[in-house]
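With the first letter of the sequence shown counted as 1, position 71 gets the number 71 in UniProt numbering; the numbers rise by one all the way through.
Working notes, structure below.
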Amino acid sequence: MRGISWSSAVDQMIAACDTVIGLGARTIVPGHGPVTDNAGAATVKRYFRHVRDEARRQFDAGVPALGAAFDLDLGGFADWRDSERVVATVDALYREWDPGHPPADPVRLFRHMGRYHRRATGGAG
């Protein structure tokens with residue numbers, strides 16, 4: 001399981017985690033990411049809730065999506081591999097909350113994800 005949402009409602013991602021956890025499987029083979037278990041699904045759920053709640057605070061304060069993504073405190077998730085995915089997730093959240101937010105532009109999002117990655121890794125990668 002990976003912590004990214006390109007266009008799906010983040011609340012639906014959280015609900016999907018609840019569904020997976022509710023199945024009680026010992027092993028989960030997600031479509032993306034490593035094989036995991038219910039603890040892994042619960043961690044992804046916590047990630048989505050954290051990003052949603054932090055992004056909402058930024059949104060309510062009038063911070064643009066890109067600024068919110070770059071300033072968002074990932075807390076205990078900051079060391080996750082591919083943390084730049086938060087850029088796409090925050091953009092998806094802003095589209096949910098603001099019908100006037102521009103549609104997703106994958107090229108633009110990947111460019112900003114690259115900038116985020118370079119900043120997060122000190123230019124490595």
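Positions of the beta carbon are idealized from the N, C-alpha and C atoms, including for glycine.
Just so you know, these numbers come straight off a predicted model, no measurement behind them.
{"query": "Put Met1 into one of helix, strand or coil per three-state DSSP.", "result": "Confidence in Met1 is poor, its pLDDT being 45 and thus under 50, which makes the residue's placement unreliable; the coordinate value appears in the next sentence. It is coil, neither helix nor strand."}
{"query": "By the DSSP assignment, the alpha helix (DSSP H) with residue 128 in it spans what residues?", "result": "Nothing can be reported for residue 128, as the shown portion of the chain is limited to 1 through 125."}
{"query": "Which class does Thr27 belong to by DSSP, given the choice of helix, strand or coil?", "result": "coil"}
{"query": "Alpha helix (DSSP H) containing Gly33: first to last residue?", "result": "Per DSSP, Gly33 belongs to no alpha helix (DSSP H) and is neither H nor E."}
{"query": "I need the DSSP call for Ala41, collapsed to helix, strand or coil.", "result": "helix"}
{"query": "Taking the straight line between their C-alpha atoms, what separation do you get for Thr121 and Ala61?", "result": "28 Å"}
{"query": "I'd like the list of long-range same chain contacts for Arg52, defined as Cβ closer than 8 Å, with 5 residues on each side in sequence excluded.", "result": "Val10, Asp11, Ile14, Leu93"}
{"query": "Using the beta-carbon count (16 or more within 10 Å), is His32 buried or exposed?", "result": "exposed"}
{"query": "Could you give the DSSP three-state label for Ala120: helix, strand or coil?", "result": "helix"}
{"query": "Classify Gly22 as helix, strand or coil using the three-state DSSP reduction.", "result": "helix"}
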